[in-house]
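Novice: Under UniProt numbering, the residue at position 76 of the sequence shown is numbered 76, and the numbers go up by one with no gaps.
Quick one: this structure, given as structure tokens, is what I'll be asking you about.
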Amino acid sequence: LALGMGTGTVPVSPVVLRALCPPPGLAPTSAIHVYTPREVYGTVGSHVTLSCSFWSSEWISEDISITWHFQAEGSRDSISIFHYAKGQPYIDDVGTFKERMEWVGNPRRKDGSIVIHNLDYTDNGTFTCDVKNPP
1 LALGMGTGTV PVSPVVLRAL CPPPGLAPTS AIHVYTPREV YGTVGSHVTL
51 SCSFWSSEWI SEDISITWHF QAEGSRDSIS IFHYAKGQPY IDDVGTFKER
101 MEWVGNPRRK DGSIVIHNLD YTDNGTFTCD VKNPP
């Protein structure tokens, strides 16, 4: 989520969302297809929804997990900022997003979306949504 300088509508860089699935034969996991818009736009001080919808030919397990990671622009490191597991959302209690994030997803509707409130220039980077649906 990259915010440029200036006022008015500020372009937000591509939001890269992907599902990480192990190679075939390593774990009993079914393929999950994850869909998201490539770019999101917002203004400093406003909010954006980072959409993460998914599809699987398999039943959505009670053990489904959704994890959001953030990699700051220019950084090689990625940090976990949100996790959904065992039917409960967990917002990580460290970092700049802890007071500004809201879970709006619903795994039963194949939705793992979050909202980031009070956008700031420091929100530049790549957000990744990982979805796992074990049998």
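Quick reminder that beta carbons are idealized off the backbone N, C-alpha and C, glycines included.
#1: Does DSSP put Thr122 in a helix, in a strand, or in coil?
#2: Can you give me the C-alpha to C-alpha distance between Val94 and Trp55, rounded to a whole angstrom?
#3: What is the residue span of the beta strand (DSSP E) that residue 154 lies within?
#4: Between Ile66, Arg38, Val40 and Ser113, which lies nearest to Met101 when the distance is taken from Cα to Cα?
#5: With a threshold of 7 Å on Cβ separation, who are the neighbours of Pro24 within its own chain once the five nearest residues in sequence on each side are excluded?
#6: Do Gln71 and Ser78 have their beta-carbon atoms positioned less than 8 Å apart in this structure?
#7: Return the CA-CA distance between Cys129 and His83, expressed in angstroms with no decimal places.
#8: Go ahead and label Gly125 buried or exposed: buried means 16 or more other beta carbons lie within 10 angstroms of its beta carbon, across all protein chains shown.
#9: Assuming Thr67 contacts Val115 under a Cβ cut-off of 8 Å, what Cβ separation, rounded to an integer in Å, is found between them?
#10: Give the single residue among His69, His47 and Lys98 whose Cα lies nearest to the Cα of Asn118.
Specialist: With the given structure in hand:
#1: helix
#2: 31 Å
#3: A question about residue 154 goes unanswered here, because the residues of the chain that appear run from 1 up to 135.
#4: Ser113
#5: In this predicted model, Pro24 has a pLDDT of only 37, less than 50, meaning its place in the structure is not dependable enough to derive any value.
#6: yes
#7: 10 Å
#8: buried
#9: With a Cβ gap of about 17 Å, Thr67 and Val115 do not count as contacting.
#10: His47
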